[in-house]
Amino acid sequence: MARFESAGADLRRRIPPVDQFLMQPEVRELTSRHGRELVRHHLRLLLEEARDRVSSGGGDSLAETLARLPERLSRRLEDVAAPHLRGVINATGVVIHTNLGRAPLSARAAARVAEMATTYTNLEYDLSEGERGEREAHVEPRLVALLDCEAALVVNNNAAAVLLAVNTLAEGREVVVSRGELVEIGGSFRIPEVLRKGGARLREVGTTNRTRLSDYRAAIGPETAAFLKVHPSNFRIVGFTESPTLEELAGLARETSLPLVEDLGSGLLARSEALPGEPAARASLRDGADLVTFSGDKLLGGPQAGLVAGRRSLVDAMRKNPLYRALRVDKLTLAALDVTLADHQAGRAAREVPVVRMLALSAADVRERAEALSDSLRTATPLQVEVIPGVSAVGGGASPTVELPTALIALTHPLAGPDRLAAALRAGEPPVVARVTDGRVTLDLRTVLPGQDSILGAAVQRAALDVSR
Ligand SMILES: *Cc1c(COP(=O)(O)O)cnc(C)c1O
């Protein structure tokens, strides 16, 4: 123990102090580019790492480590100077991939965001009256028209929408929820916890697989504040199941003068043949929900946001809740949402909104692109390339059982396993996120943006080369 300590102390003495490094010409040059404090910070970290490495005895000598320090410092500083959030190519075939940032915006929506970002706007200013205006005024009329409802509100995400609804309608009182709908959506959004954080008490009714209207009725008492129906998103209970229809529950809500809130999650505006069974906001409101909440960046294909639509009195109460101030969106979100909703309104979403367009692609559409890209990969790389049938997923908790037929490019490297090839793809620029299925790397072009096919081809070529080395 004593010997170890003195060896460590000895080592520390032999490593020159940070300030001495800062005098070296190469390091001085770095301070002029990156700033003295940043250079000092990373220099200190690198010296600590060097000390650990040398004292653990594994690897280089102290002299070698110190000689290489300026170069490592330079590379480290380049790394930290580059933006950390980067664009990636999504070749997974999961259209709404939460880890990959969900919906990519349309070029027009993105351009609008950039335009509004760099200027003052009428965000909360009524230009005709010359006085304070409402930030909701920019998108509420579109939502009201699209969903045929009285009022609408936008907050940071759907979790915030549910929280705000619960807190506004039921703080200190009870919310009635079926036991079959006490779900966790992922990313720690759990219905019982959201209710608790919203200040409401959960009143569970029914069982996991069967809940009847009479269960809801029996739960009503002086403490009842609202009914909450939750779309179970990424899971399904099948077999011996029962639950009242939304109309039946809405009938009970009207009879008892209690509000019925539905958390739809995915944000399909109107029913779609491509996604059977996926509830749509417009239909829920027509069938009697007093409020619906859904995400802006799932099936709607817009920016991250939580949309609330329904009765004017309830929406107004949510807007007046002090919590709204903490959950509201900024002008950039509103700019993107405005353009995205306009595309839906004008019936051009399938052409303009990337998520909607990707979902509408047929397997034949994807196969045509896959064949073209495969041909070029066969000539340009040592990879074994095959186009095979497969399935894409909607993702984002929407329509978990819907399988979209697709065509996959399956890649085999003659020398390296699929995990190494997949890692090389992720390490490239741009990074490519692919799937590994049955021992092969597969690329699903459904989620690769138009115009990215050749970029993807070049990235695969580089990755194939990297693992050959
Ligand atoms: C996705 C989802 C949420 C969470 O929405 P965010 O926009 O991610 O906050 C909540 N409820 C349901 C049913 C969902 O599917």
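Position 106, counted from 1, in the sequence shown is what our numbering calls 760; the numbers after and before it change by one each time, with no gaps.
Even for Gly, the Cβ is constructed at its ideal location relative to N, Cα and C.
None of the values given here were measured: they were computed from a predicted structure.
Whole-Å CB distance - residue i paired with residue j, under 8 Å assumed
i: alanine 1078; j: aspartate 1120; result: 5 Å
i: arginine 925; j: alanine 934; result: 5 Å
i: proline 1084; j: isoleucine 1109; result: 7 Å
i: arginine 844; j: glutamate 835; result: Actually they do not touch by this definition, with Cβ atoms about 12 Å apart.
i: threonine 1060; j: valine 748; result: The Cβ separation is near 11 Å, so there is no contact.
i: asparagine 888; j: glycine 840; result: 7 Å
i: leucine 912; j: phenylalanine 881; result: 6 Å
i: alanine 982; j: valine 809; result: A quick correction: the sequence has arginine, not alanine, at residue 982. Yes, they are in contact, since the Cβ atoms of arginine 982 and valine 809 sit about 6 Å apart, within 8 Å.
Selected residue, minimal CA-CA separation from residue i, among the options
i: isoleucine 874; options: Thr910, Ser709, Gly747, Leu918; result: Thr910
i: aspartate 1073; options: Asp706, Ala1081, Thr947, Val1090; result: Val1090
i: valine 859; options: Val830, Gly840, Lys883; result: Val830
i: alanine 757; options: Pro976, Val1039, Ala959; result: Ala959
i: threonine 746; options: Ala1047, Met770, Thr775, Ser1053; result: Ala1047
i: glycine 956; options: Asp917, Ser1053, Arg726, Leu922; result: Leu922
i: alanine 805; options: Leu945, Thr1033, Ser949; result: Leu945
i: leucine 900; options: Val884, Asn888, Phe889; result: Val884
i: lysine 851; options: Arg1080, Arg982, Ala990, Gly826; result: Gly826
i: threonine 947; options: Asn863, Leu1031, Met1012, Val969; result: Val969
i: valine 1009; options: Gly755, Asp673, Arg855; result: Gly755
i: serine 832; options: Arg786, Glu783, Thr895, Cys803; result: Thr895
Heavy atom of ligand 1 within 8 Å of residue i beta-carbon
i: glycine 950; result: yes
i: leucine 991; result: no
i: valine 884; result: yes
i: serine 842; result: no
i: alanine 813; result: yes
i: threonine 899; result: no
i: isoleucine 839; result: yes
i: alanine 1052; result: yes
i: glycine 931; result: no
i: histidine 983; result: The residue asked about is misnamed: residue 983 is valine in this sequence, not histidine. Valine 983 Cβ: outside cutoff for every heavy atom of ligand 1.
i: valine 816; result: yes
i: glutamine 1038; result: no
i: glycine 960; result: yes
i: serine 887; result: yes
i: serine 920; result: yes
i: threonine 752; result: yes
Local Cβ density within 10 Å of residue i, reported as buried at 16 or more and exposed below that
i: methionine 655; result: Below a pLDDT of 50, predicted positions are generally treated as unreliable, and methionine 655, at 45, falls in that range; the measurement from the model is reported next regardless. Flag for methionine 655 reads exposed.
i: methionine 677; result: exposed
i: glycine 1111; result: buried
i: valine 892; result: exposed
i: glycine 1105; result: exposed
i: lysine 952; result: buried
i: proline 795; result: exposed
i: aspartate 706; result: exposed
i: alanine 1003; result: buried
i: histidine 688; result: buried
Proximity test, residue i beta-carbon vs ligand 2 heavy atom, cut-off 8 Å
i: aspartate 917; result: Because ligand 2 does not appear in the structure shown, any question about it cannot be addressed here, the ligands present being ligand 1.
Residues bridged to residue i [DSSP beta-bridge criterion]
i: alanine 805; result: Gly964
i: proline 1043; result: Ala1061
i: glycine 840; result: Phe843
i: aspartate 1098; result: Leu1062
i: phenylalanine 881; result: Val830, Leu914
i: tyrosine 779; result: Arg786
Cutoff 9 Å: residue i Cβ touching any chain D Cβ
i: valine 1102; result: The structure shown contains no chain D; it holds only a single protein chain.
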